[in-house]
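So that you can map any letter, position 78 of the sequence shown is 77 in the numbering used here, and since no number is skipped, the others follow by simple counting. Every residue, glycine too, gets a C-beta built ideally from N, C-alpha and C. None of the values given here were measured: they were computed from a predicted structure. These notes are about the structure you will find just below.
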Amino acid sequence: MSETTNKKTGEPILKKIDCAREYHKSYKKKTYYSSQFLPSTKWLENDEDEKIFNYWTGYDINKTNEYDEEVNELTKEQLETELNFIFTHLRNLCGRDKNDAMFEYMLKYYAHLFKFPSIIPRVAFIITTDQRVGKNQFFNFIASIIGMKYYLTTQNIEIMIGQFNSAINNKLFINPNEFEGKEAYIEKLKVLISEKFMNTTKKFHEAQQIENYVRLVCSTNQRDNNLMKGGETEGRFVVCRGERFLFTEDKYNPSKDKDGAEKYDYELNRQVNSLYIQKCFYEAKDSRHYVC
Numbered sequence: 000m001s002e003t004t005n006k007k008t009g010e011p012i013l014k015k016i017d018c019a020r021e022y023h024k025s026y027k028k029k030t031y032y033s034s035q036f037l038p039s040t041k042w043l044e045n046d047e048d049e050k051i052f053n054y055w056t057g058y059d060i061n062k063t064n065e066y067d068e069e070v071n072e073l074t075k076e077q078l079e080t081e082l083n084f085i086f087t088h089l090r091n092l093c094g095r096d097k098n099d100a101m102f103e104y105m106l107k108y109y110a111h112l113f114k115f116p117s118i119i120p121r122v123a124f125i126i127t128t129d130q131r132v133g134k135n136q137f138f139n140f141i142a143s144i145i146g147m148k149y150y151l152t153t154q155n156i157e158i159m160i161g162q163f164n165s166a167i168n169n170k171l172f173i174n175p176n177e178f179e180g181k182e183a184y185i186e187k188l189k190v191l192i193s194e195k196f197m198n199t200t201k202k203f204h205e206a207q208q209i210e211n212y213v214r215l216v217c218s219t220n221q222r223d224n225n226l227m228k229g230g231e232t233e234g235r236f237v238v239c240r241g242e243r244f245l246f247t248e249d250k251y252n253p254s255k256d257k258d259g260a261e262k263y264d265y266e267l268n269r270q271v272n273s274l275y276i277q278k279c280f281y282e283a284k285d286s287r288h289y290v291c
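So, in structure tokens, the structure goes:
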């Protein structure tokens with residue numbers, strides 16, 4: 000309905016209009032020639048970008064200014080001090096074997112995600128630990144930084160590499176969680192890890208080709224399943240055998256007793272849900288640890 004005024008009486012007159020027709024006639028309407036998922040830190044650098052409807056809206060961590068000033072004023076040493084607990088936890092996930100090398104490599108892996116979201120690293124992690132180590136909490140920590148809509152965790156690998164695999168659309172970080180690997184999965188996962196373009200299908204829809212931006216980090220409590228055995232012989236997988244208890248003098252490592260483990264779990268939960276710590280971790284991508 001539109002409203003005009005009777006010139007003689009001054010009373011309003013309601014008139015039916017075709018909204019769709021009026022919209023198409025309007026020169027103010029926003030038009031696009033395609034819709035895509037194009038993650039980039041350099042989005043909208045030219046006029047052509049404005050003609051693409053982009054499902055990428057940037058990292059969630061950049062959508063709030065809270066703690067920006069405090070974090071930006073931290074030196075590299077202060078930043079690393081703030082992240083001491085998170086770094087220690089990540090070392091636990093990396094395990095004892097080649098701990099330093101694996102720790103540095105994994106940090107660079109996440110730095111690459113933050114700095115170059117449109118470039119896939121063409122390598123995936125398989126992390127195996129005991130139960131209640133905190134794998135999922137750390138993955139949720141990363142997902143909170145980039146945005147939950149860009150993250151997928153699932154025990155059903157078929158929604159990633161099966162007939163109907165549209166769940167991988169518009170995703171940057173995927174965690175196949177606690178599934179029993181099959182030998183046939185290895186080859187299909189290698190395609191997801193390494194191919195720039197993927198065909199995805201949604202049920203009752205035609206297949207579409209999408210650009211692939213997925214980082215794959217698999218996790219399992221099973222030390223010797225087929226995925227682990229296959230991953231250790233494939234060049235596309237890096238296998239991490241994590242530990243729950245590391246017997247060092249570091250005050251952040253949990254002890255064997257129940258109270259010590261519960262205190263550690265409490266602190267881990269507090270840290271991963273802290274926007275301040277998330278900001279620090281994201282900004283640390285430019286520190287000496289994160290150079291990639």
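C-beta atoms of residue i and residue j nearer than 9 Å
i: L215; j: F140; result: no
i: A283; j: E79; result: yes
i: M292; j: P175; result: Past the edges of the chain, shown from 0 to 291, lies residue 292, and the structure says nothing about it.
i: T127; j: C239; result: yes
i: G241; j: K134; result: yes
i: I145; j: L92; result: no
i: T153; j: I173; result: yes
i: L82; j: F102; result: no
Whole-Å CB distance - residue i paired with residue j, under 8 Å assumed
i: P116; j: L171; result: 6 Å
i: L188; j: V213; result: About 10 Å; that fails the 8 Å criterion.
i: I167; j: T199; result: 6 Å
i: Y281; j: I60; result: 5 Å
i: N268; j: Q136; result: 7 Å
i: Y31; j: K62; result: Actually they do not touch by this definition, with Cβ atoms about 22 Å apart.
Beta-bridge pairing of residue i - partner residues as DSSP gives them
i: S218; result: I126 and N176
i: T199; result: Q207
i: N61; result: In DSSP, N61 forms no bridge with anything.
i: Q35; result: N53
i: C239; result: I126
i: E267; result: Sequence inspection shows Leu at residue 267; the Glu mentioned does not correspond to that position. Bridge partners of L267: none, in fact.
Inter-residue spacing [alpha-carbon to alpha-carbon] between residue i and residue j
i: Y22; j: L73; result: 51 Å
i: L303; j: Y54; result: As shown, the chain starts at 0 and ends at 291. That puts residue 303 outside it, with no answer to give.
i: R131; j: K29; result: 49 Å
i: E194; j: Y104; result: 22 Å
i: Y58; j: Y149; result: 9 Å
i: K24; j: K14; result: 18 Å
i: F84; j: H204; result: 46 Å
i: I209; j: C217; result: 22 Å
i: T8; j: R20; result: 30 Å
i: L245; j: N211; result: Residue placement at L245 is poorly supported in this model, since its pLDDT is 48, which falls under 50; the coordinates still yield a value, given next. Roughly 37 Å between the two C-alpha positions.
Residue i classed as buried or exposed, judged by whether at least 16 other C-beta atoms fall within 10 angstroms
i: F52; result: exposed
i: N71; result: exposed
i: G259; result: exposed
i: T219; result: buried
i: Q270; result: buried
i: N164; result: buried
i: E65; result: exposed
i: Y26; result: exposed
i: I16; result: exposed
i: E261; result: exposed
i: G161; result: exposed
i: Y265; result: exposed
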